[in-house]
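Student: First residue of the sequence shown: 7, per the numbering used here; consecutive thereafter.
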Amino acid sequence: MLRWLIGGGREPQGLAETIGEEQTQNPYTELLVLKAHHDIVRFLVQLDDYRFASAGDDGIVVVWNAQTGEKLLELNGHTQKITAIITFPSLEACEEKNQLILTASADRTVIISLNLEPSDIAMVWDCDTGRQVQKVSCFQSTVKCLALLQRLDVWLSGGNDLCVWNRKLDLLCKTSHLSDTGISALIEIPKNCVVAAVGKELIIFRLVAPTEGSLGWDILQVKRLLDHQDNILSLVNVNDLSFVTGSHVGELIIWDILDWTVQACERNFWDPSPQLDTQQEIKLCQKPNDVSIHHFTWDEENVFVAVGRGLYVYNLQMKRVIACQKTAHDSNVLHVAKLPNRQLISCSEDGSVRIWELREKQQLAAEPVPTGFFNMWGFGRVNKQASHPVKKQQENGTSCSLELIGDLIGHSSSVEMFLYFEDHGLVTCSADHLIILWKNGERESGLRSLKLFQKLEENGDLYLAV
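Have a look at this one:
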């Protein structure tokens, strides 16, 4: 039984029931609904083992306790939607270092300077006190992404240009105007380089730190990679050797992180069978918006890819798809994450959150060829299909399967993303303005029983009852 707790403050406000008891492998049977936002909640970021922050189109950042669902802080300062958020540790000399939150927004203001066009704003917050540390207002375009380079102790903002900043929010250097499309994603790679996704291009930049011979920072364009046929939507590091990109038309490219060459490429996500001819491939191809790669996650062996409405598991060593669910959801999958025990979680525009398990396929033995009367007269239908299970598995390139083990029903609109806490469950955010904290029902029941016994023991009631 799923227990629905409506929250948002210090105490739950209501109780209801949903989801049946048939999902025996789904541990998340209790949920806490958190209310604080007034518009689409697009971002969740983990601050530590028990806190997270949420942000979205209402321009508000809210800090929550992941264990209790208590709202700890509400950070107001932006007047329009937040477009990017990252965290980084403070360098202040104190015993307990504070975590800072950096947010970028689509604020349009004329307060900054009459000589500039309306600008976007970035802010830095102290998430322990809610104090606004600093504010920058000199951007000439919407900042779509932020990246922290801890080793160099700088952070980057990506819009129509690429800017490099220090922790004091001083602008160290910037590129010239790159594109009206703007930078959609940024990652750090070795040799003081970063990769920026700009439309269908990847641009490699190298950061040059000050030396005795130079007074300031510089950023140099090193190389442009033009292998994608359409706009790049996803860009992530998967290990020390590779990074991965995904495009609007379903292209997955794995790149060497040192020399920036293509290690592998996969474009046939609508059907992983390697034996399709050209005509079959055209018939099976979905519409471009159905194969857009919106998000990646990964482990040591595989890249888990959200492609249109489906989920695909791409093995890095075999360089092929080993498992897929072509219609994992009814609408586009927006976010995917790896859980322990070979489990995967995904969320979609259709408002659903689903848990999957990656399983090895069982080898099926061929059926015996029938003999006798029917076979003699040519009614050999079973004969024609005798080795069909084995043949089908050999033709199909998948060696694993994704099995649905949990369906979390709670949101009424598109689920944008989620976070996983090992001890406190899952957190999801949605276009319905809500955040839901999904709890392991068995674990929570045990904790409540333990607290009850502790309270009885403290009051002496436990011994009286005995």
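Virtual Cβ for every residue (Gly too), placed ideally from N, Cα, C. All values derive from a computational prediction rather than experimental measurement.
(1) Are there 16 or more other CB atoms within 10 angstroms of the CB of N172, so buried, or fewer, so exposed?
(2) So what does DSSP say about K150, is it helix, strand or coil?
(3) Name the residue from K367, P196 and R315 whose alpha carbon lies nearest to the alpha carbon of S352.
(4) With the cut-off set at 9 Å, would you say L108 and L178 are in Cβ contact?
(5) If you drop the 5 nearest sequence neighbours on each side, which residues of the same chain put their C-beta closer than 7 Å to that of H254?
(6) Run through the DSSP bridge pairs and tell me what G83 is partnered with.
(7) So N243 is in the beta strand (DSSP E); what residue range does that whole segment cover?
(8) L264: buried (16+ other C-beta within 10 angstroms of its C-beta) or exposed?
(9) Per the contact definition of three or more C-beta pairs closer than 8 Å, is the segment 402-422 in contact with the segment 336-354?
(10) Which whole-angstrom value describes the C-beta separation of A112 and A90, a residue pair presumed to lie in contact below a C-beta threshold of 8 Å?
(11) If you draw a straight line from the C-alpha of E194 to the C-alpha of R57, how long is it?
(12) Taking only the alpha-carbon atoms, compute the straight-line gap between V39 and F427 and give it to the nearest angstrom.
(13) Grab me the residues of G75's own chain with a C-beta within less than 7 Å of its C-beta, minus the 5 sequence neighbours each way, in chain order.
(14) For H335, count neighbouring C-beta atoms within 10 Å of its own C-beta (all shown protein chains included) and say buried if the count is 16 or more, exposed if not.
(15) Which value, in whole angstroms, describes the spacing of the CA atoms of Q88 and D64?
(16) By how many angstroms is the C-alpha of I411 removed from the C-alpha of Y34?
(17) Output needed for D224: all residues of its chain with C-beta closer than 7 Å, excluding positions within five of it in sequence on either side, in chain order.
(18) Give me the residue from N32, A42 and I260 with the minimum Cα distance to D438.
(19) Cα separation between G452 and A329?
(20) CB-CB under 7 Å to L458, same chain, minus the five flanking residues each way: which ones, in chain order?
(21) Just to check my reading of the structure: E306 and R365 have Cβ atoms closer than 8 Å, yes? What is that Cβ distance to the nearest angstrom?
(22) Name the two residues that bound the continuous beta strand (DSSP E) containing F275.
(23) Give the list of continuous beta strand (DSSP E) stretches no shorter than 3 residues that lie fully inside the segment 172-259.
(24) Out of Q31, L53 and G431, point me to the one whose CA is closest to L79's CA.
(25) Taking the C-alpha atoms as reference points, what is the distance between A191 and D413?
(26) Just the Cα atoms here: how many angstroms apart are D405 and V319?
Tutor: Walking through what the data contain:
(1) So N172 ends up on the exposed side.
(2) Collapsing the DSSP output to three states places K150 in coil.
(3) Comparing Cα-Cα distances from S352 to each of K367, P196 and R315, the minimum goes to R315.
(4) For the pair L108 and L178, the CB atoms are not nearer than the 9 Å cut-off.
(5) So the qualifying residues of the chain are D236, N237, L239, P294 and S298.
(6) In the DSSP assignment, no residue is bridged to G83.
(7) I238 to N243 is the span of the beta strand (DSSP E), which, as asked, contains N243.
(8) Result: exposed.
(9) Proximity of the segment 336-354 to the segment 402-422 meets the contact definition, three or more beta-carbon pairs being nearer than 8 Å.
(10) At roughly 10 Å, the Cβ-Cβ gap does not stay under 8 Å, so A112 and A90 are not in contact.
(11) Cα-Cα distance, rounded: 26 Å.
(12) In this structure, the CA atom of V39 is about 16 Å from the CA atom of F427.
(13) Once the five neighbours on either side are set aside, the close Cβ partners of G75 are G13, L38, L40 and L443.
(14) With 16 or more other Cβ atoms inside 10 Å of its own Cβ, H335 counts as buried.
(15) The sequence as given places Ile at residue 88; Gln does not occur at that position. I88 and D64: Cα-Cα distance of roughly 8 Å.
(16) When rounded, the distance between both Cα atoms is 11 Å.
(17) The beta carbon of D224 sits closer than 7 Å to those of C179 and V214, all from its chain and outside the five residues before and after it, given in chain order.
(18) Of the candidates N32, A42 and I260, the one whose C-alpha sits nearest the C-alpha of D438 is A42.
(19) Going from the Cα of G452 to the Cα of A329 covers about 36 Å.
(20) For L458, where only same-chain residues beyond five positions count, there are no Cβ hits under 7 Å.
(21) Rounded, the Cβ-Cβ distance is 18 Å, inconsistent with contact.
(22) Where F275 is concerned, there is no enclosing beta strand (DSSP E), given that its DSSP letter is neither H nor E.
(23) With a minimum length of 3 residues, the continuous beta strand (DSSP E) runs that stay inside the segment 172-259 are 177-180, 189-195, 199-204, 207-214, 224-231, 238-243 and 248-253.
(24) Cα-wise, what sits closest to L79 is L53.
(25) As the crow flies, the alpha-carbon of A191 is around 30 Å from that of D413.
(26) Residue 405 is actually Ser in this sequence, not Asp. One C-alpha to the other measures close to 10 Å.
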